[in-house]
Amino acid sequence: MTEATVSTTAYNLATLLEHSAETYPDREAIVLGDTRLTYAQVNRAANQVANLLVERGIEHGDKVALSCANLPYFTIAYYGILKAGATVVPLNVLLKAREVAYHLGDAEAKAYLCFEGTAELPIGREGYAGFQQAENCDSFFLITVDPAAASPIEGAETFGSALAGKPTTFDTVATDEDDTAVILYTSGTTGQPKGAELRHRNMRDNALAGRDLFGADAEHPDTYLCVLPLFHSFGQTVIQNGAFAFGGTVVMLPRFDAQQALAAMGKEEVTFFAGVPTMYWGLLGALDASVDVDRLARNLRIAAAGGSALPVEVHKDFQKKFGVTILEGYGLSETSPVASFSPHGEPVRVGSIGHPIPGVEMKLLQADSWDEAPEGEVGEIAIKGHNIMKGYYNRPDATDEAIRDGWFRSGDLGRRDEDGWYYIVDRSKDMIIRGGYNVYPREIEEVLLTHPDVSLAAVIGVPHESHGEEIKAVVIRNPGATVTEEELVAWGKEQMASYKYPRIVQFVDALPMTATGKILKRELA
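Next up, the structure:
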């Protein structure tokens, strides 16, 4: 075995926590309301989790699933699983029992840690039912708010009782940098969700990229507001792992609420906010006379956006009110996730996702081909570098379809300017073909958002007898707005080419969204 492949604790992703716990033991790592945990406390608790898992038979390379909202338990369990040499399989907290069973079986999970949830979101009840349906998953631990309380689910062992008396020290299991640290399940827009295997080095290098991308500095640590779900790659890497890599403080909110987010930003003097576009839209909509925007702006150093395209109007409005330019980035679960970013300190090009981060390459491919698209034309974004997943777990055919010679096909359509900055045009699957013309929904949405009565819009294609597809806009109006469907159609006709403007408009009070804040266009369709 060569030196480059020798297993070592230095490659384990959990060393991000361990290094900060050793260097800054008394620095606050996690804040949740009145709960404040130091790095030393988080590390000791994670050691207890590792001891528990090893005691229950978890070995190097085993998979351990985790369902938990944005709570300290998630981070403690996450790093504890890694310390034990196992692979973390974070699950969406909205999954029902049947879906939980599928994920546990597909990932071949040996153990499952699940938060009890609430009456409105009974994560624990669904999780335990899914565990009982799954094969070969041996252990279930119910994470309760009160570790000393009896289990509210008959037959389930509480996490608190299982951890009681476990040692707070643990020798982290040596791992290879190419071992799988995390399996992140894709959203499954087509077919069953697939598990993207991410190596320790994929996740570690992506977290450490914060030094170049955001100017992260452990001597002047940031305070991060964590509203992105931690089970998703964006929240995990950019917020949790990114903060822990540089001794930052993570202020958690179990779910995104714009007013609570603004209050937490003021109380905790948040310097780093990352969110998907709908979160920025929500923050802007929640501003009123009670919010001291000037104070928030004085503290806020970085505003980062990803997950989906940020509307230009939202970008401009946020910059006007907060005095901070949103830095857009781009990535997927399969890319750990960050692939490109608008670097801190460089002039921002509104609407651009920046250029590839250090160590990563991007190019544009022709449709249904691995050949590069002609210069200046729209193509499918392909990515290569240290951030690319190992593959889809137990799906060699799907892996071969997505990756060739180290290049990963994203499924997203983009263009590149003369300076190498990239711009998302749309998802290839979202593109509408109307009467033989390619129509990109994002372009239409951007135009609709310039109408004074439009707050948010989603554009989809619907079947049409003669044109193949017709363009439909599903719109949320601003409070007090009076524009009618017919008036918005007529306005769109004046603003856009004849093949582009939406002939159908539907007004709604809310748009369906995923747990990560992305608009679910397939439900609209």
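Each residue of the sequence shown is one higher than the one before, counting from 1 in the UniProt record's numbering. Where is the CB? At the ideal position from N, CA and C, for every residue including glycine. Since this is a predicted model, take the numbers as computed values, not measurements.
* Residues bridged to residue 471 [DSSP beta-bridge criterion] -> 461
* Would you list the one or two residues that DSSP bridges to residue 279? => The partner list for residue 279 (beta bridge, DSSP) is empty, contrary to what the question assumes.
* To do: Have a look at residue 285 and residue 313 and give me their C-alpha separation to the nearest angstrom.
  => 13 Å
* Counterpart residues of residue 362 in DSSP-defined beta bridges -> 383
* Which one or two residues does DSSP pair with residue 259 in a beta bridge? -> According to DSSP, which records beta bridges pairwise, residue 259 is partnered with nothing at all.
* Opening and closing residue of the beta strand (DSSP E) in which residue 408 lies -> 407 to 416
* Could you give the uninterrupted runs of the alpha helix (DSSP H) lying entirely in the segment 57 to 136, keeping only those of 4 residues or more? -> 72 to 83, 97 to 107 and 123 to 133
* Near residue 520, what residues of its chain come up, given a Cβ to Cβ distance below 7 Å and the 5 sequence neighbours on each side ignored? -> 512, 513 and 514
* To do: Would you kindly check if the distance between the Cβ of residue 230 and the Cβ of residue 115 is under 7 Å?
  => no
* Asked: Taking the runs of the beta strand (DSSP E) that are 3 residues or longer, which of them lie wholly in the segment 170 to 218?
  -> 180 to 185 and 195 to 199
* Do three or more CB pairs link the segment 109 to 128 to the segment 40 to 48 at distances below 8 Å? -> no
* Straight-line CA distance for residue 434 to residue 40? -> 59 Å
* Leaving out five residues before and five after residue 495 in sequence, what residues of the same chain have Cβ atoms less than 6 Å from its Cβ? -> 447
* Using a threshold of 7 Å, state whether the C-beta atoms of residue 386 and residue 205 are closer than that. => yes
* Is it true that the segment 260 to 268 meets the segment 62 to 77, where meeting means three or more beta-carbon pairs spaced less than 8 Å apart? -> no
* Kindly provide the ranges of any alpha helix (DSSP H) runs that are 4 or more residues long and lie completely inside the segment 480 to 521, ordered along the chain. => 485 to 495
* Residue environment, residue 484, which counts as buried when at least 16 other CB atoms sit within 10 Å -> exposed
* **Where the beta strand (DSSP E) through residue 9 begins and ends** => Segment: none, residue 9 is in no beta strand (DSSP E) and carries neither H nor E.
* Asked: How should residue 462 be labelled, buried or exposed, when 16 other C-beta atoms within 10 angstroms of its C-beta is the threshold for buried?
  -> exposed
* Identity of the residues DSSP links to residue 159 by a beta bridge -> BP columns for residue 159 are empty, so no partner.
* **With 16 other Cβ atoms within 10 Å as the buried cut-off, status of residue 416** => buried
* **Cα-Cα separation, residue 332 to residue 221** => 26 Å
* Anticipated Cβ contact below 8 Å, residue 174 with residue 7, distance rounded -> 4 Å
* Compare the Cα-Cα distances from residue 59 to each of 33, 296 and 86 and report the closest residue. => 86
* **Cβ-Cβ distance between residue 325 and residue 348 below 7 Å** => yes
* To do: With DSSP as the reference, label residue 395 as helix, strand or coil.
  => coil
* To do: Kindly indicate which residue of 140, 320, 506 and 477 has the alpha-carbon position closest to the one of residue 460.
  => 506
* Asked: Just the Cα atoms here: how many angstroms apart are residue 44 and residue 169?
  -> 6 Å
* Asked: DSSP state of residue 326, grouped into three classes?
  -> coil
* To do: Could you please give me the residues that DSSP links to residue 290 through a beta bridge?
  => In DSSP, residue 290 forms no bridge with anything.
* Distance cut-off 6 Å: residue 408 Cβ against heavy atoms of the ligand SAH -> The ligand SAH is not among the ligands present in this structure, which contains no ligands whatsoever.
* Could you give the C-beta distance for residue 15 and residue 27, rounded to a whole number, given that I count them as a contact under 8 Å? -> Incorrect: roughly 17 Å between the Cβ atoms, too far for contact.
* How many angstroms separate the CA atom of residue 194 from the CA atom of residue 297? -> 40 Å
* Would you kindly work out how many angstroms separate the C-alpha atoms of residue 189 and residue 522, rounded to a whole number? => In this prediction, residue 189 has a pLDDT of 42, which is less than 50 and means its spatial position is unreliable; nothing more can be read from the coordinates.
* Asked: By how many angstroms is the C-alpha of residue 291 removed from the C-alpha of residue 301?
  -> 18 Å
* Going by Cα to Cα distance, which pick from 481, 516, 327 and 470 is closest to residue 501? -> 470
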